[in-house]
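Below: the structure, in structure tokens.
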Amino acid sequence: MTSKLQRTEIIIVGAGFTGLSAALELKQAGVDLVLLEARDRVGGRVEAGHNGLGERIDSGGQFLCEDMPQLMALVETRGKTLVETYVDGDFITHPSMSVIQAERTYHGAMAIRERMNRIEPDDPSIEGMSVATWLERQRDPTNAKTAFRSMIEGLWCLPMDRVPLWYLIDNDRRITNEVPELQYFLRETMQSLAEDLAGDLGDRMRLNEAATRIEHGPQGVRVVSANGTIEARQVLVALPPATAAKLDFAPALPPSLGQALGVWKSGAVIKILVRYPKPFWRERGLSGMVMWRDLPGLFACDASRDAEHAALVVFIGGPLALRWQALDEAGLRAEVTTRLQEALGPDAGNVIDFSSRDWIRDRWSGGAYSDLIVDVTARDAERTILAGAPPVHFAASELSPSFPGYVEGAIVAGRIAARKILAELQSPIATRASGS
Ligand SMILES: Cc1cc2nc3c(=O)[nH]c(=O)nc-3n(C[C@H](O)[C@H](O)[C@H](O)COP(=O)(O)OP(=O)(O)OC[C@H]3O[C@@H](n4cnc5c(N)ncnc54)[C@H](O)[C@@H]3O)c2cc1C
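So for the sequence shown, our numbering puts the first residue at 90; every next one is plus one.
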């Protein structure tokens, strides 16, 4: 292999929405950059593939809502089509309950979540406490607690005893939507948006080029990949924290930063799209939304593009995903179809396509919507990572001040990181250090 040394101003590692958003911001400011992506596609945890019917479907991040301003603006400027998620009709909890009981249970779970979020994350009375320990101490009815657990394990994709209470509160407070987060999805897929952004980067975007090592170099930094070494003034590591922790840094990162990257764990999620000949649940006055009380972490809702493309999306999150991961495709299909039939009736067995994407232990992005902090003492981890070790900077949706763990969060995190880097590039100290 001929290892050619190349030069640029900024290297960005990772072409998810964080890296893409940072790259576009820097490009617009006239900065020379290279964006390295390990996979043969951009988008990261946003991804699309073809189902057995030849339709392009989102197998990763998909939904958005009007309370996500940056993503909504991008959707508009890029001319994408919003499909409104069908929510009319009754929502099912399974095993079934009366409508009144189901409503009471849902409101009970939401009341627990609101009570939790009213606690200050640095309240000494919750120091060292996990979400599970706190929940045990609440005096709510069992049904409400079970629904709360299902909601938390479904959304954050880790067992509640692993998640520090202060972290969940701090995280949840940053997710500020008032309308449901599943309000819309894109007819063209969310992945098409990532591809459009990458298109604007031209040959600055490099696929199949995993960074393996980040070194200090005469210009600032050097990033090593199988294709050679690139020198730059600064590098932005736009990876989820647990993935960033696996990179080789020379010299090693300051101990506090190494520790801060080490306290994150990826959750577990399997996403499924089940296609039907027609949206049979609508005819029965159902929304298609199902929450299983006996299987925390299992959730389904209508994701039909239109009445001719009837579909339910099924999310399996947390400990249940780890259990069902052991099933082969036929076993998973049988398990999920049976659960849908139990909840929505025999028509749910009339499946015309079943497409599943197992994200657990995904090599390049972790295993779920986002990595979570699992060390109750790691109160400074996010701050420490965001401070970075210039010329090495870090950003990811997880670290966003708004909507962490969402596409919106990734856009916000990427743009903030780009502005910080621009400010550093323009500072006299950085200019002197790079000899320009
Ligand atoms: C199944 C699923 C469903 C989701 N649903 C939604 C949803 O409906 N709505 C929503 O808003 N969010 C959703 N999310 C979350 C959302 O997709 C993420 O929060 C967001 O896309 C994260 O973007 P990111 O750029 O921070 O990280 P990533 O997307 O993980 O990007 C990191 C990139 O770095 C690359 N990479 C890793 N290592 C290297 C290396 N060494 N060198 C070079 N490149 C590397 C990866 O391949 C990846 O492309 C979902 C996620 C999943 C998995």
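Yeah, the Cβ is synthetic: ideal placement off N, Cα and C, and Gly gets one too.
From a predicted model like this one, the values you see are computed outputs, not experimental measurements.
{"Check": "Looking only at C-alpha atoms, which of 220, 94, 276, 113 sits nearest to residue 168?", "Outcome": "276"}
{"Check": "Apart from the five residues just before and just after residue 314, which ones in its own chain have a Cβ nearer than 8 Å to its Cβ?", "Outcome": "125, 298, 299, 300, 301"}
{"Check": "May I ask you to report which of helix, strand or coil DSSP gives residue 362?", "Outcome": "strand"}
{"Check": "To which residues of the same chain is residue 330 closer than 7 Å at the C-beta, ignoring the five residues directly before and after it?", "Outcome": "350, 353, 460, 474, 485, 487"}
{"Check": "Could you compute how far the alpha carbon of residue 234 sits from the alpha carbon of residue 212?", "Outcome": "22 Å"}
{"Check": "Roughly how many angstroms separate the alpha carbons of residue 429 and residue 269, rounded to a whole number?", "Outcome": "22 Å"}
{"Check": "Could you check whether the Cβ of residue 453 sits closer than 7 Å to any heavy atom belonging to ligand 1?", "Outcome": "yes"}
{"Check": "Who are the Cβ neighbours of residue 409 in its own chain at under 7 Å, not counting the five residues just before and after it?", "Outcome": "384, 385, 386, 387"}
{"Check": "How would you label residue 407, buried or exposed, when you count the other beta carbons within 10 angstroms and need 16 or more for buried?", "Outcome": "buried"}
{"Check": "Should the segment 107 to 116 be regarded as contacting the segment 415 to 425, the criterion being three or more beta carbon pairs within less than 8 Å?", "Outcome": "no"}
{"Check": "Rounded to whole angstroms, what's the CA-CA distance from residue 249 to residue 238? Just pull it up for me.", "Outcome": "7 Å"}
{"Check": "Quick one: which unbroken beta strand (DSSP E) runs of 3-plus residues sit fully inside the segment 382 to 429? Chain order, please.", "Outcome": "387 to 391, 399 to 406"}
{"Check": "Using a 10 Å radius around the Cβ and a threshold of 16 neighbouring Cβ atoms, would you call residue 521 buried or exposed?", "Outcome": "Residue confidence for residue 521 is low, a pLDDT of 46 falling below 50, so the modelled location carries little weight; the figure read from the coordinates is stated next. That one is exposed."}
{"Check": "Could you tell me whether the segment 246 to 261 touches the segment 214 to 221, where touching means 3 or more Cβ pairs closer than 8 Å?", "Outcome": "yes"}
{"Check": "In terms of alpha-carbon separation, which member of 257, 191, 155 lies closest to residue 464?", "Outcome": "257"}
{"Check": "Grouping DSSP H, G and I as helix and E and B as strand, with all else coil, what is residue 292?", "Outcome": "helix"}
{"Check": "Rounded to whole angstroms, how far is the Cβ of residue 163 from the Cβ of residue 282, which I believe are closer than 8 Å?", "Outcome": "6 Å"}
{"Check": "Can you tell me which of 513, 355, 361, 401 puts its alpha carbon nearest to the alpha carbon of residue 368?", "Outcome": "401"}
{"Check": "Are residue 489 and residue 265 close, meaning C-beta to C-beta below 8 Å?", "Outcome": "no"}
{"Check": "Is the segment 504 to 519 touching the segment 96 to 110 in the sense that three or more CB pairs, one from each, lie closer than 8 Å?", "Outcome": "yes"}
{"Check": "Compute the distance between the beta-carbons of residue 510 and residue 321, then report whether it is under 8 Å.", "Outcome": "no"}
{"Check": "Cβ of residue 128 within 7 Å of any heavy atom in ligand 1?", "Outcome": "yes"}
{"Check": "Please check the pair residue 441 and residue 364, which I expect to be a contact at CB under 8 Å, by giving their CB distance rounded to whole angstroms.", "Outcome": "5 Å"}
{"Check": "First and last residue of the beta strand (DSSP E) that includes residue 181?", "Outcome": "179 to 183"}
{"Check": "Any chance you could list the beta strand (DSSP E) runs of at least 3 consecutive residues sitting entirely within the segment 112 to 155, in chain order?", "Outcome": "122 to 125, 137 to 139, 145 to 147"}
{"Check": "Would you say the beta carbon of residue 356 comes nearer than 7 Å to a heavy atom of ligand 1?", "Outcome": "no"}
{"Check": "For a quick check, are the C-beta atoms of residue 457 and residue 274 less than 8 Å apart?", "Outcome": "no"}
{"Check": "Do you know how far the Cα of residue 176 is from the Cα of residue 396?", "Outcome": "14 Å"}
{"Check": "Determine the closest residue to residue 228 out of 198, 241, 515, with distance taken between C-alpha atoms.", "Outcome": "198"}
{"Check": "Assuming the contact rule is C-beta atoms closer than 8 Å, residue 97 and residue 121 should be a hit. Round their C-beta distance to whole Å, please.", "Outcome": "5 Å"}
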